[in-house]
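**Student:** Residue numbers (my numbering): 411 to 622.
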Amino acid sequence: MVEITPSILVKTKEEFLNKILAVENISERVHLDIADGIFVSNMTISGFEEVESIETNLKIDVHLMVSKPENHIIRWLETPVDSITFHIEATQKAQEIIEKAKEADRKIGIALNPETPISALANFIDQIDFVHFMTVEPGFYGGQFIESVLDKVSDFYYFYPDKPIIVDGGINPERASKAVQAGANTLVVGSYIWNSGDVGKAVEKLNRSIES
Ligand code: DX5
Ligand code: ZN
411 MVEITPSILV KTKEEFLNKI LAVENISERV HLDIADGIFV SNMTISGFEE VESIETNLKI
471 DVHLMVSKPE NHIIRWLETP VDSITFHIEA TQKAQEIIEK AKEADRKIGI ALNPETPISA
531 LANFIDQIDF VHFMTVEPGF YGGQFIESVL DKVSDFYYFY PDKPIIVDGG INPERASKAV
591 QAGANTLVVG SYIWNSGDVG KAVEKLNRSI ES
């Protein structure tokens with residue numbers, strides 16, 4: 411089954427709470443984007459305090475669009491997030507990050523920017539829980555969808571059919587079905603859902619597009 415995960419990319423705690431409330435009865439999990447103004451030019455909430463203070467049944471997957479994620483991982487492992495994704499372009503210490511997450515019994519994934527080849531994962535593929543493909547340049551809602559990344563997803567799926575694949579960025583119903591055909595198991599969706607005016611209907615539409 412393919413899962414649609416709404417994304418939360420916000421600058422204030424208030425926006426965070428509003429978006430959590432908006433999806434709480436619609437989804438089982440959310441994707442929380444964290445941007446540090448260094449790895450990407452945007453800056454979001456830092457996230458720790460927001461995640462720790464909220465009471466919700468939602469599972470939270472955190473997507474770290476931050477430079478040197480090795481400096482953030484320990485703090486994130488103190489929070490109740492379900493999984494952590496870091497960018498391979500942002501660190502020389504991927505092995506250390508993976509080990510720390512595993513010691514804390516947490517799911518860990520690696521994200522690849524649109525231009526980063528699959529070969530960047532070579533040493534880590536057997537150790538991570540999923541691979542996260544960016545189909546936009548990271549940092550913002552509403553980035554331009556880069557369709558050629560889906561060829562990279564297909565190639566990866568061909569070689570590693572059992573490794574869960576997340577596709578993140580620019581997803582709408584039409585692109586959702588293409589991403590699933592390429593091999594995606596999870597689709598992260600931001601602006602399509604939030605600009606729809608009806609979050610529940612938007613998720614329904616996405617689900618319908620990937621069933622057909
Ligand atoms: C992009 C973030 C995405 C973003 C998706 O930098 O990593 O998770 O929230 O938003 P849309 O669907 O608008 O591209
Ligand atoms: Zn994201």
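All C-beta atoms in this analysis are idealised placements derived from N, C-alpha and C, irrespective of residue type, glycine included.
Values in this document were obtained by computation on a predicted structure and should not be read as measured data.
Using a Cβ-based criterion (distance less than 7 Å to any ligand heavy atom), does His441 qualify as near the ligand ZN?
**Tutor:** For the ligand ZN, at least one heavy atom lies less than 7 Å from the Cβ of His441.
**Student:** I need the straight-line Cα distance from Glu465 to Phe458, nearest angstrom please.
**Tutor:** So the alpha carbons of these two residues sit roughly 14 Å apart.
**Student:** Quick check: the stretch 524–537 against the stretch 493–501, are at least 3 beta-carbon pairs closer than 8 Å?
**Tutor:** Contact holds: three or more Cβ-Cβ distances are below 8 Å.
**Student:** If contacts are defined as beta-carbon pairs under 8 Å, then Phe555 and Gly519 qualify, I think. What distance do you get, rounded to the angstrom?
**Tutor:** Their Cβ separation, rounded to whole angstroms, is 21 Å, which puts Phe555 and Gly519 out of contact at 8 Å.
**Student:** Nearest to Asn582 by CA position, among Gly549, Phe566, Ser619 and Asp565, is which residue?
**Tutor:** Selected option, being the one with the closest Cα: Ser619.
**Student:** Which residue spans inside the stretch 414–486 form an unbroken alpha helix (DSSP H) run of at least 4?
**Tutor:** Runs of the alpha helix (DSSP H) inside the stretch 414–486: 423–433 and 458–463.
**Student:** Put Ala514 into one of helix, strand or coil per three-state DSSP.
**Tutor:** Correct three-state label for Ala514: coil.
**Student:** Can you determine whether any heavy atom of the ligand ZN sits closer than 7 Å to the C-beta of His482, and answer yes or no?
**Tutor:** Flag unset: Cβ of His482 not near the ligand ZN.
**Student:** So, helix, strand or coil for Gly519, using DSSP?
**Tutor:** The answer is strand: DSSP assigns Gly519 an E or B state.
**Student:** Among Val546, Gly552 and Lys429, which one has its Cα closest to the Cα of Ser558?
**Tutor:** Cα-wise, what sits closest to Ser558 is Val546.
**Student:** I want to check one thing, is the minimum distance from the CB of Leu419 to the heavy atoms of the ligand DX5 below 7 Å?
**Tutor:** Result yes, Cβ under 7 Å from the ligand DX5.
**Student:** Using CA coordinates, which residue listed in Phe540, Leu419, Thr501 and Ser477 is at the minimum distance from Val563?
**Tutor:** Checking every option, the nearest Cα to that of Val563 belongs to Phe540.
**Student:** Put Val598 into one of helix, strand or coil per three-state DSSP.
**Tutor:** Three-state DSSP puts Val598 in a strand.
**Student:** Tell me the DSSP bridge mates of Val541?
**Tutor:** In DSSP, Val541 forms a bridge with Ile520 and Ile575.
**Student:** Using the Cα positions of Met475 and Val450, report the straight-line distance between them to the nearest angstrom.
**Tutor:** Looking at the two C-alpha atoms, the distance is approximately 7 Å.
**Student:** Is it true that the CB of Thr415 sits closer than 8 Å to the CB of Leu597?
**Tutor:** Yes, the pair counts as a contact, with Cβ atoms nearer than the cut-off.
**Student:** Comparing C-alpha positions only, which one of Gly549, Gly593 and Val577 sits nearest to Gly401?
**Tutor:** Nothing about residue 401 can be reported from this structure: the residues present for the chain run from 411 to 622 only.
**Student:** Check whether the stretch 595–615 touches the stretch 421–437, taking contact to mean three or more Cβ pairs, one atom from each stretch, closer than 8 Å.
**Tutor:** Taking 8 Å as the limit for Cβ pairs, the verdict is that the stretch 421–437 does touch the stretch 595–615.
**Student:** Suppose the cutoff is 8 Å on Cβ atoms and the five residues either side in sequence are ignored; what does the same chain contact list for Glu513 look like?
**Tutor:** There are no such residues.
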